[in-house]
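One structure is given below, encoded as structure tokens.
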Amino acid sequence: MKAAPFDYIRPDTLDDACACLASHPEARIIAGGQSLVPMLAMRLARPSLVIDIAHIDGLSAIRDDGDALVIGTMVRQAAALSDPLIATHLPLLAKALTHVGHPPTRSRGTVGGSLVHADPSAEIPLVAVALGACLRMRDCDGDIDFDAADFFIGPMLTLIPPTACLYEISFPKPKAAYVGTGFHEIAARRSDYALAAAGAHIEADAHGRVQDIRLAIGGVSDFPQRLPIDLPTDLVTSKTSLAAAIDTALDTVDFVEDMHASASYRRRVVAELAGRAIGDALNEITADLA
Amino acid sequence: MNITLDINGKATTASIEPRLTLLDFLRDVAGLKGTHAGCEHGVCGACTVLLDGDAVRSCLVLAAQAEGSQITTIEAVDGADRQPGELSIIQDAFCEAHGLQCGYCTPGMVLAAKTLLQHTAAPSREDVREAISGNICRCTGYVQIVDAIMLAAERLQGRNQPADGA
């Protein structure tokens with residue numbers, strides 16, 4: 001399998017990369033290449049120019065900005081998975097990363113690449129939506145920020161302007177005393193594309209009262225989405241039934257159907273996975289409170 | 291464009307088209323046919339090599355992206371100075387545990403195992419399954435491959451050596 005011919009450039013700065021994008025309408029950015037290279041091989045993508053951003057300084061760093069953890073777009077998924085800052089401040093992302101591809105694709109694949117590729121079943125976009133991450137892009141006119149909740153608009157379709165390059169992602173850090181998370185997905189094979197996935201991030205105060213509950217699902221509709229879910233603040237202690245609240249929240253979702261799974265299967269499974277994810281999160285908080 | 295890669299400890303320079311994958315560079319430019327071309331779009335894992343010490347799929351890396359990297363292929367799985375015909379401990383374990391039949395997936399499996407055992411000296415069977423989850427084998431049913439990697443782990447830790455004075 002061979003890609004169609006293209007030119008290749010390896011800019012040293014983000015501004016150079018933006019200038020290349022602006023002057024070549026058919027250009028594509030390559031980060032880790034774990035999604036783009038197969039598309040090139042199958043000639044689903046035929047760019048005139050491939051812009052390799054791997055050598056731009058600063059795009060591979062993870063920094064603590066106080067209220068947020070900021071992850072450079074070129075941070076490899078394997079590096080993110082073993083990063084102590086992410087493990088401490090973004091436990092939901094750490095859990096989700098274990099489901100991203102396989103070890104050999106995680107060693108090349110990047111956090112930013114997964115976000116802009118926007119596969120509906122991808123885990124990193126799901127977490128970005130759940131946590132309300134801010135995606136920072138640049139083009140020749142300057143910086144543009146997107147809220148992850150608005151960014152994904154269809155399968156492999158985002159609001160990224162054609163001349164912009166994602167350079168970092170800012171994830172808000174938890175604010176409350178206790179944080180619990182859970183992530184579950186189901187796929188045909190281990191680490192394959194998720195047929196349904198759910199991630200939950202719950203924050204509780206020192207008395208175990210829920211301050212914030214964030215539930216997002218992926219793989220079941222055209223893009224990952226956060227579900228508005230109505231649960232009482234004494235959730236940790238009251239053992240309220242989750243099933244009815246999850247079911248109501250799922251009424252807003254437009255489930256997809258394909259050769260792998262029917263819409264009704266996806267709805268049934270994602271409800272169960274969401275329940276497990278919230279259950280795991282509550283159990284973590286309960287354990288920390290004890 | 292001209293690129294230089296360190297392949298099994300040897301600097302290799304060539305003029306290439308940007309669309310050339312690392313897989314085709316290894317097989318067709320460097321002449322190292324031990325890295326197998328399978329699906330060529332990142333599904334089967336047959337083309338797994340080590341890039342700066344970590345397992346990657348060489349069909350999903352453009353040769354141009356790998357410029358300046360150190361690549362290890364199956365030909366040098368135990369170091370570049372291994373004698374022809376000599377097997378590494380991992381390869382030997384694959385033979386002993388019947389971890390291969392047709393052998394097409396084996397170079398990728400061995401390199402995936404090598405990365406795992408570099409990071410995790412005493413893996414669980416679950417760790418092994420995760421490490422080879424991106425490598426497809428159509429012959430063995432995987433059980434003997436997991437056995438082989440567990441055996442290799444044991445041997446690399448020296449646990450099959452007789453105790454002193456035994």
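These protein sequence lines are chains A and B, in that order.
Residue numbers for the first sequence follow our numbering, so the first one is 1 and each next one is one higher.
Residue numbers for the second sequence follow our numbering, so the first one is 291 and each next one is one higher.
Even glycine gets a Cβ: it sits at the ideal position worked out from N, Cα and C.
Burial state of residue i (16 or more Cβ within 10 Å)
i, result
"THR88 (chain A)", "exposed"
"ALA456 (chain B)", "Because ALA456 (chain B) carries a pLDDT of 47, less than 50, the predicted location of this residue cannot be relied on, and the following value inherits that uncertainty. The residue in question, ALA456 (chain B), is exposed, as its Cβ has fewer than 16 Cβ neighbours within 10 Å."
"LYS175 (chain A)", "exposed"
"ALA301 (chain B)", "exposed"
"SER310 (chain A)", "What is shown of chain A runs 1 to 290, which leaves residue 310 (chain A) out entirely."
"ASP288 (chain A)", "exposed"
"ALA4 (chain A)", "exposed"
"LEU157 (chain A)", "exposed"
"PRO374 (chain B)", "exposed"
"ASP437 (chain B)", "buried"
"MET74 (chain A)", "buried"
"GLY299 (chain B)", "exposed"
"PRO26 (chain A)", "In the sequence on display, residue 26 (chain A) carries Glu and not Pro. Exposed is the call here."
"MET259 (chain A)", "exposed"
"CYS385 (chain B)", "exposed"
"CYS427 (chain B)", "buried"
"SER170 (chain A)", "buried"
"ASN292 (chain B)", "exposed"
"THR303 (chain B)", "exposed"
"ILE439 (chain B)", "buried"
"LEU44 (chain A)", "exposed"
"GLU485 (chain B)", "Residue numbering for chain B in the displayed model covers 291 to 456; residue 485 (chain B) lies beyond these limits and cannot be assessed."
"HIS409 (chain B)", "exposed"
"ARG449 (chain B)", "exposed"
"HIS388 (chain B)", "exposed"
Per DSSP, the bridge partner or partners of residue i
i, result
"GLY218 (chain A)", "A:ALA197"
"VAL70 (chain A)", "A:ARG63 and A:SER170"
"ILE293 (chain B)", "B:ALA304"
"GLU203 (chain A)", "A:VAL179 and A:ASP212"
"THR110 (chain A)", "A:ARG76"
"THR311 (chain B)", "B:LEU352"
Where the beta strand (DSSP E) through residue i begins and ends
i, result
"LYS95 (chain A)", "Premise fails: LYS95 (chain A) lies in the alpha helix (DSSP H), 91 to 97, not in any beta strand (DSSP E)."
"ARG428 (chain B)", "Careful: ARG428 (chain B) lies outside any beta strand (DSSP E) and carries neither H nor E."
"LEU227 (chain A)", "225 to 227"
Residue range of the unbroken alpha helix (DSSP H) whose run includes residue i
i, result
"VAL367 (chain B)", "Element bounds for VAL367 (chain B): n/a, residue is neither H nor E."
"ARG419 (chain B)", "415 to 421"
"GLN434 (chain B)", "433 to 446"
"GLY279 (chain A)", "263 to 289"
"ALA118 (chain A)", "Premise fails: ALA118 (chain A) is in no alpha helix (DSSP H) and is neither H nor E."
"LEU406 (chain B)", "396 to 409"
"THR248 (chain A)", "243 to 250"
"GLU376 (chain B)", "Counting along the chain, GLU376 (chain B) falls outside any alpha helix (DSSP H), and DSSP gives it neither H nor E."
"THR237 (chain A)", "235 to 238"
9 Å Cβ cut-off: residues of chain E touching residue i
i, result
"ALA412 (chain B)", "Looking for chain E here will not work: the only protein chains present are A and B."
Reference residue i, options the options, closest by Cα
i, options, result
"ILE285 (chain A)", "A:ILE229, A:PRO155, A:ALA245 and A:ALA204", "A:ALA204"
"LEU113 (chain A)", "A:ALA243, A:TYR167, A:ALA68 and A:ALA244", "Note on residue identity: the sequence assigns Gly, not Leu, to residue 113 (chain A). Checked all of A:ALA243, A:TYR167, A:ALA68 and A:ALA244; the closest Cα to GLY113 (chain A) is A:TYR167."
"ALA198 (chain A)", "A:ASP52, A:ALA27 and A:ARG266", "A:ARG266"
"GLN339 (chain A)", "A:ILE217, A:GLY219, A:GLY218 and A:ILE202", "Past the boundaries of the shown model lies residue 339 (chain A); chain A is included only from 1 to 290, so the question cannot be answered."
"ILE186 (chain A)", "A:LEU40, A:ALA261 and A:VAL256", "A:ALA261"
"ALA216 (chain A)", "A:ILE124, A:VAL50, A:ARG10 and A:THR163", "A:ILE124"
"LEU446 (chain B)", "B:ILE426, B:ALA320 and B:ALA412", "B:ALA412"
"VAL270 (chain A)", "A:GLY101, A:VAL220 and A:ALA244", "A:VAL220"
"PHE183 (chain A)", "A:LEU131, A:ALA290 and A:SER238", "A:LEU131"
"ALA41 (chain A)", "B:LEU313, B:THR294 and B:LEU341", "B:LEU313"
"PRO224 (chain A)", "A:ASP7, A:GLY66, A:VAL129 and A:GLY72", "A:VAL129"
"GLY208 (chain A)", "A:ALA196, A:TYR193, A:LEU235 and A:ALA188", "A:LEU235"
"HIS117 (chain A)", "A:ALA274, A:CYS18 and A:ILE29", "A:ILE29"
"VAL351 (chain B)", "A:SER23, A:PRO38, A:PHE255 and A:ASP67", "A:PRO38"
"HIS102 (chain A)", "B:ALA387, B:GLN360 and B:THR338", "B:THR338"
"GLY58 (chain A)", "A:THR13, A:SER264, A:PHE151 and A:GLY109", "A:THR13"
"ARG108 (chain A)", "A:VAL179, A:ALA68, A:LEU282 and A:ILE53", "A:ILE53"
"THR237 (chain A)", "A:ALA206, A:LEU227, A:LEU44 and A:SER121", "A:ALA206"
"ILE364 (chain B)", "B:VAL433, B:LEU310, B:GLN355 and B:LEU377", "B:LEU377"
"ILE297 (chain B)", "B:ILE422, B:ALA421, B:GLY358 and B:THR405", "B:GLY358"
Check: residue i C-beta below 8 Å from any heavy atom of the ligand NAP
i, result
"PRO38 (chain A)", "By its list of ligands, the structure shown contains no ligand whatsoever, and the ligand NAP lies outside what it can speak to."
Quiz item: What beta strand (DSSP E) runs, 3 residues minimum, are completely inside the segment 7 to 54 of chain A?
Solution: Within the segment 7 to 54 of chain A, the complete beta strand (DSSP E) runs of at least 3 residues are 7 to 9, 27 to 30 and 49 to 52.
Exercise. Return the chain-ordered ranges of every beta strand (DSSP E) run that is complete within the segment 120 to 196 of chain A and spans a minimum of 3 residues.
Key: Within the segment 120 to 196 of chain A, the complete beta strand (DSSP E) runs of at least 3 residues are 134 to 139, 142 to 147, 152 to 154, 165 to 172 and 178 to 187.
Quiz item: Which whole runs of the beta strand (DSSP E) in the segment 313 to 368 of chain B are 3 residues long or more, in chain order?
Solution: Correct list: 338 to 341, 344 to 347 and 360 to 362.
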